[in-house]
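To get my numbering, take the position in the sequence shown, counting from 1, and add 15. Encoded as structure tokens, the structure appears first; notes follow it.
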Amino acid sequence: MSFDTILKQMTAGFGQTCLIFFFTLLFSLPLGMFVYFGKVSRHKPVRWIINSYISIMRGTPLMLQLLVWYFAPYYLWQMNIGGYKLTAILLGFSLNYAAYFAEIYRSGMEAIPKGQYEAAALLGYSKVQTFLYIILPQVVKVILPSVTNEVITLVKDTSLVYSLSYIEMFGVAKQIAAAQTTILPFFIAGIFYFIFNYTVAFCMEQFEKRLNYYR
């Protein structure tokens, strides 16, 4: 197999990696905020459920969660899971990362002095206006480095979908390496992951610089 053919197949697999990456962020970032609100809810049953959910998501391997999400519908309800693989992957990734983002949001919210809320109330801001216009921009600035670390981790975690035999970049690399008895596909995959992570880190750094006026 020529280098061009290997690169072409790896690029196709990289497209699946990007698909998992972007949809996971699309779902998990807002979901993490809802989880955070549940964690700080005044209702004890809600807090207990959310804390249990976060503990399970953070305390068990992501690969195990993916396997459970994929095989549970079959073993519990004998559901046909033939076309369910991508759905299970996005469920597993989104719910797992939402738990981590919720804790990041919590750390950012707790870093804001309570005097900010009192000052906003004195100025006549409602709770929603206070959150959207005063608290949230500051929280984004505080949590951005932690969010960046999680996003970079997500890029690498996408390789875990091989456990469900889903063909993305790492899966393509394994197939080519086994068929051609060469380690070259793994080096190419490493370069793809590095460039992807470098791009993510660069974009997040530029976004962080745009928020420097909050110093």
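For glycine and all other residues, C-beta sits at the position ideal for the given N, C-alpha and C. It should be emphasised that the depicted structure is a prediction, and the values quoted were computed from it without experimental measurement.
Over what stretch of residues does the alpha helix (DSSP H) that includes TYR85 continue unbroken? Residues 77-92.
Inter-residue Cα distance where the pair is GLU100 and VAL154: As written in the sequence, residue 100 is Lys, which differs from the Glu given in the question. Each residue's Cα considered, the two are about 35 Å apart.
Between ILE203 and the rest of its own chain, which residues show a CB-CB distance below 8 Å, the 5 nearest in sequence each way excluded? So the qualifying residues of the chain are ILE21, LEU22, MET25, ALA188.
In chain order, what residues of the same chain have a beta carbon less than 7 Å from the beta carbon of GLU183, not counting five sequence neighbours either side? Closer than 7 Å at the Cβ level, and outside the excluded window around GLU183, lie GLY28, GLN31, THR32, ILE35, THR173, VAL176.
When the distance is taken between beta carbons, is PHE222 closer than 9 Å to SER109? No, they are not a contact pair.
Assign SER56 to one of three DSSP states: helix, strand, or coil. Note: SER56 maps to coil in three-state DSSP.
So is TRP84 buried or exposed if we call it buried at 16+ other beta carbons inside 10 Å? Within a 10 Å sphere around the beta-carbon of TRP84 sit 16 or more other beta-carbons, which makes this residue buried.
Residues near ALA126 by beta carbon distance below 6 Å, same chain, minus five either side: Closer than 6 Å at the Cβ level, and outside the excluded window around ALA126, lie VAL157.
Same chain, Cβ closer than 6 Å to SER161, five either side skipped, listed in chain order: Answer for SER161: ILE119, listed in chain order.
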